[in-house]
Structures are given as structure tokens and as C-alpha cells.
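First the structure, in the form of C-alpha cells, and then the observations on it.
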Amino acid sequence: MDYQALLERIHGELASRLGEGQVASYIPELARVAPDRFGIALRTPDGGLYTVGDAEEKFSVQSISKLFTLTLAMRLVGDELWARCGREPSGTSFNSLVQLESEGGIPRNPFINAGALVVSDLILSRLDDAKASVLEFVRELAGSDDIHFDEAVAASEAAHGHRNAAMAHFMKSFGNLENPADRVLDAYFHHCSLSMSCVQVANAGLFLANGGLHPTTGEAVVSVNQKKYLNSMMVTCGTYDAVGEFAYRVGLPAKSGVGGGIVATMPRTFSVCVWSPGLDKQGNSVLGALALERLTTYSAQSIF
Ligand code: GLN
Numbered sequence: 249m250d251y252q253a254l255l256e257r258i259h260g261e262l263a264s265r266l267g268e269g270q271v272a273s274y275i276p277e278l279a280r281v282a283p284d285r286f287g288i289a290l291r292t293p294d295g296g297l298y299t300v301g302d303a304e305e306k307f308s309v310q311s312i313s314k315l316f317t318l319t320l321a322m323r324l325v326g327d328e329l330w331a332r333c334g335r336e337p338s339g340t341s342f343n344s345l346v347q348l349e350s351e352g353g354i355p356r357n358p359f360i361n362a363g364a365l366v367v368s369d370l371i372l373s374r375l376d377d378a379k380a381s382v383l384e385f386v387r388e389l390a391g392s393d394d395i396h397f398d399e400a401v402a403a404s405e406a407a408h409g410h411r412n413a414a415m416a417h418f419m420k421s422f423g424n425l426e427n428p429a430d431r432v433l434d435a436y437f438h439h440c441s442l443s444m445s446c447v448q449v450a451n452a453g454l455f456l457a458n459g460g461l462h463p464t465t466g467e468a469v470v471s472v473n474q475k476k477y478l479n480s481m482m483v484t485c486g487t488y489d490a491v492g493e494f495a496y497r498v499g500l501p502a503k504s505g506v507g508g509g510i511v512a513t514m515p516r517t518f519s520v521c522v523w524s525p526g527l528d529k530q531g532n533s534v535l536g537a538l539a540l541e542r543l544t545t546y547s548a549q550s551i552f
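Below, the structure written as C-alpha cells:
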């Protein structure tokens, strides 16, 4: 498969649609990003790297971090997590509070904000310097030390994150947070603020297309079964309340973030990250979803 030609074709076809969608502004610092950015990086387990557009430019990964923190939490506590968090799509927006009350403070899944707050709490309870450990873990996955938290983005979200704060305190009232709500929020906002390029994110997701093994060291990042769980969770919960539409159009396990990035995996074949900051109303990148749809259509490669 000539992935380079494929990416160039897709990038060329979508060039006239640059700037479509709305850049997230509810975190003011995110609104500063130029809306016409568009990059794709595709990695294959044998070391192939194919890029087009702004694939090396850093962007705010936001909810893509939920994939990395869930992976770390699975390594730390395994199935214990599921006593405190569900595995069903929510059908509501990623920052919705409505289900939490009737469901006793147990979030539907780890890829909505409430679930990621529980995951952040678990990590805080198990590791001494949890923020540094998350950063270290993501750097190892990506094979790059040039990955950092963006303190301005984290502070911007902390200053405006009233819904997340409400969620954290609400779950605390149900006994589903072990640590003080403010510590959990600080950790979560930092995870979301990770600044990475498409190349780095595609690298970091490659273990999911490589039997759970780190592509360079060959060590198990997670067990084969946990790799299955993570990919399944991405299919059913990775793109918020647009997950059915996304599965229909794209047909790959994927995780998106409101920074405009989407990471997707084709098992045993590739890991791909697309970034374009304009979002649809569910919070997924408009051009990102279109690019992935064309990638699976033109290559005839999808999990279905
Ligand atoms: N930090 C963002 C928030 O909590 C992440 C949301 C997202 O990317 N969907 O609202």
C-alpha cells in the first residue's frame, strides 16, 4: 500500500475545506490556534512513517490523553477500574452530568470527562508523582522526550473548567473519588494539556496496532487482552456521542480530542493521527473525520 500517495491525495482533496468547523473556545487558550492547520501522520509497525501537512506541529491533545491515562490505569490496577467506571457509550456529550446522578456517581465509560476523572484519581492514588509519571509514560509510548504539559492551556482550563469541577465534586459526594477533587482536576487538566504532534501521537498509539507491544523495544505495553479492551473501548466510546456515525463512516478504533486531533488504529497494520482544529458540534475534528473516512475507503482497510 502506498500510504504516502494516499495521504497526499486526501490532503489535496480536502485542501479547499480547510477551516471548516469551529475551533474550541470554551477553553480560551485553545481558541488561539490557527483554524487552517491540517496534518496527518501514519505509522506502520515495521517502522514506516508517512506524513503530510502540519504533521510535525504540536497541538493540544485534550481527550486523546484519556487513551494514555486509561492505558496506564489498566497497567496499574487491571480490572479493578471497572468497579468505579462503566464500559458503555453514554450517548450524551463528553462533559454531561445528567447520567451521573441516576447512576450513583459511576461514569458510563473512561473516555468521557467523568470517567477520565476517575482514571486520574486512580493514578493519583497509586503513584507518588502522578503527573510526572503520566508524562514519562506518554514519552515512552511516543519514543520522544520532546513532549510537555502546556501550562497555559492547563491554567486556562482550570480557570474555566466549572463543569469538570462540578462533575468531580459530584462524584466525590458519591464516594467515587479517593483524592481531593481539586487534586484530581489539576491532574486531569494537565493530562489534557499535553502538547504533541501528529507524528508523536501516531507513535504513541502504535502499540494498539502491534499486539500491545511497544514498536521499538518490543516490550508489552499492555497484555494482548488489554489491547483488545482498549481498541474495543475506542470503537464504542472514543468519539463521544457521534460514535455510531464515526464507526459507520470510518470503521476504525479511534479517540478524538477538542484540540482537533484524532488517533485511530488499524490492528496489525497502522496507527494514524489526524489534526485539524475545526470541530463539529459533538467535538470531533471535521477534516480529521473526513480524512480518516477517505483513508479507510480508498485503502479498503478497516476493522469491519
Ligand atoms: N479538557 C477538555 C474538557 O475537559 C477535554 C474534552 C475533550 O477533548 N473532549 O472539556
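In the numbering used here, the protein residues as written are 249 to 552.
Just so it is clear, CB atoms sit at the ideal spot from N, CA and C, and this is done for glycine as well.
All figures in this text were calculated on a predicted structure; none of them were measured in a lab.
_Contact between the region 373-381 and the region 457-469 is defined here as three or more beta-carbon pairs at a separation below 8 Å; is this criterion met?_
no
*Could you please give the first and the last residue of the uninterrupted beta strand (DSSP E) stretch that includes Met-514?*
The count along the sequence shown starts at 1 and reaches residue 514 at position 266. First-last of the beta strand (DSSP E) with Met-514: 509-514.
*Heavy atoms of the ligand GLN versus C-beta positions, residues under 6 Å*: Gln-310, Ser-311, Phe-342, Asn-343, Asn-361, Glu-405, Asn-412, Cys-440, Gly-505, Val-506, Gly-531
_Measuring straight from C-alpha to C-alpha, what distance separates Ala-390 and Ala-450?_
The residue labelled residue 390 in the question sits at position 142 within the sequence shown. The residue labelled residue 450 in the question sits at position 202 within the sequence shown. Between Ala-390 and Ala-450, the C-alpha separation is close to 8 Å.
_Pop quiz: Val-520 and Leu-527 are said to be a contact at Cβ under 8 Å. What is the actual Cβ separation, rounded to whole angstroms?_
Residue 520 sits at position 272 when you count from the first residue of the sequence shown. Residue 527 sits at position 279 when you count from the first residue of the sequence shown. The pair is not a contact, with the Cβ atoms about 19 Å apart (cut-off 8 Å).
*Keeping to the same chain, check which residues put their C-beta closer than 6 Å to that of Arg-332; ignore five residues upstream and five downstream.*
Along the sequence shown, one-based indexing puts residue 332 at 84. Here the set comprises Val-366, Asn-424.
_Neighbourhood of Ile-354 by C-beta distance below 7 Å, restricted to the same chain and skipping five residues each side_ = The residue given as residue 354 occupies position 106 in the sequence shown. Arg-332, Cys-333, Gly-334, Asn-424, listed in sequence order.
*asked:* Suppose you measure from the CA of Ser-471 to the CA of Ala-548; what does that come to, to the nearest Å?
replied: Counted from its first residue, the sequence shown places residue 471 at position 223. Counted from its first residue, the sequence shown places residue 548 at position 300. Their Cα atoms are separated by approximately 28 Å.
*Which first and last residues belong to the beta strand (DSSP E) in which Val-522 is found?*
Here residue 522 refers to the residue found at position 274 of the sequence shown. Counting along the chain, the beta strand (DSSP E) containing Val-522 begins and ends at 518-523.
_Of the listed residues Glu-268, Lys-420, Asn-343, nearest to Gly-352 (C-alpha basis)_ = As a first step, residue 352 must be located in the sequence shown, where it is residue number 104. Comparing Cα-Cα distances from Gly-352 to each of Glu-268, Lys-420, Asn-343, the minimum goes to Lys-420.
*In three-state DSSP terms, what is Phe-307?*
Here residue 307 corresponds to residue number 59 of the sequence shown, with the count starting at 1. Reduced to three states, the DSSP call for Phe-307 is strand.
_Buried or exposed by the 16-neighbour rule on C-beta atoms within 10 Å, applied to Gly-466_ = Mapped onto the sequence shown, residue 466 falls at position 218. It is exposed - the Cβ of Gly-466 has fewer than 16 other Cβ atoms within 10 Å.
*asked:* The beta strand (DSSP E) that contains Met-444, what's its start and end?
replied: Along the sequence shown, one-based indexing puts residue 444 at 196. Counting along the chain, the beta strand (DSSP E) containing Met-444 begins and ends at 442-444.
_Checking 7 Å against the spacing of the C-beta atoms, do Val-309 and Gly-507 come in under that value?_
Working through the sequence shown from its first residue, we reach residue 309 at position 61. Working through the sequence shown from its first residue, we reach residue 507 at position 259. Their beta carbons are under 7 Å apart, which means Val-309 touches Gly-507 by this criterion.
*Given 8 Å, three or more beta-carbon pairs between the region 428-440 and the region 392-410*: yes
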